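Below is one structure, written out as structure tokens; comments come after it.
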Amino acid sequence: MKKEALSKKWNTFRTITLVIILFIYIRYLFDEDPTNDRIGWSVMILFWTFKGLFDAIEDKNKGNKKSMVANIVFVMAGCGVLLWQGIQVIF
Numbered sequence: 024m025k026k027e028a029l030s031k032k033w034n035t036f037r038t039i040t041l042v043i044i045l046f047i048y049i050r051y052l053f054d055e056d057p058t059n060d061r062i063g064w065s066v067m068i069l070f071w072t073f074k075g076l077f078d079a080i081e082d083k084n085k086g087n088k089k090s091m092v093a094n095i096v097f098v099m100a101g102c103g104v105l106l107w108q109g110i111q112v113i114f
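Per this note's numbering, the very first residue in the sequence shown carries number 24; after that it's consecutive.
Laid out in structure tokens, this is it:
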């Protein structure tokens, strides 16, 4: 019973987080200022990175090791792209 309640809270947290990130993506990508498109695409990469992180945690709990490792690699690649984008903005 306690595990089901925790799972339901986790799914709610996951869904709310991903929906908020999608709304931010839509706001920046489809506004009038074309310079905000770069921010929009960075937020979309952030969305996929968070989704991969949530999927990796779920795969760990289910015991699916291969999928978990693939998701961790995906998350690391997303973090690398976001870091690269951040460094480009600074310089």
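Yeah, the Cβ is synthetic: ideal placement off N, Cα and C, and Gly gets one too. Fair warning: this is a prediction, and the values are worked out from it, not measured in the lab.
On the three-state DSSP scale, how would you describe ASN34?
Reading the sequence shown from its first residue, position 11 is the one you call residue 34. Three-state DSSP puts ASN34 in a helix.
Decide if the segment 41 to 51 is in contact with the segment 83 to 96; the criterion is three or more beta carbon pairs, one per stretch, under 8 Å apart.
no
Compute the distance between the beta-carbons of THR72 and LEU105, then report whether it is under 8 Å.
If you number the sequence shown from 1, residue 72 lands on position 49. If you number the sequence shown from 1, residue 105 lands on position 82. In this structure, LEU105 lies closer than 8 Å to THR72 by Cβ.
Are the CB atoms of GLY75 and VAL98 within a distance shorter than 8 Å?
Within the sequence shown, residue 98 is the residue found at index 75, counting from 1. Within the sequence shown, residue 75 is the residue found at index 52, counting from 1. Yes.
Which residue from GLU27, MET67, ASP82 and LYS85 puts its Cα closest to that of GLY101?
Locating residue 101 in the sequence shown gives position 78, where the first residue counts as 1. Minimum Cα distance to GLY101 is reached at MET67.
Rounded separation between SER65 and ALA28 - CA only:
For this step, residue 65 is matched to residue 42 along the sequence shown. For this step, residue 28 is matched to residue 5 along the sequence shown. Cα-Cα distance, rounded: 33 Å.
I'd like the list of long-range same chain contacts for THR40, defined as Cβ closer than 7 Å, with 5 residues on each side in sequence excluded.
Taking the sequence shown and counting its residues from 1, one reaches residue 40 at position 17. Contacts found: PHE73.
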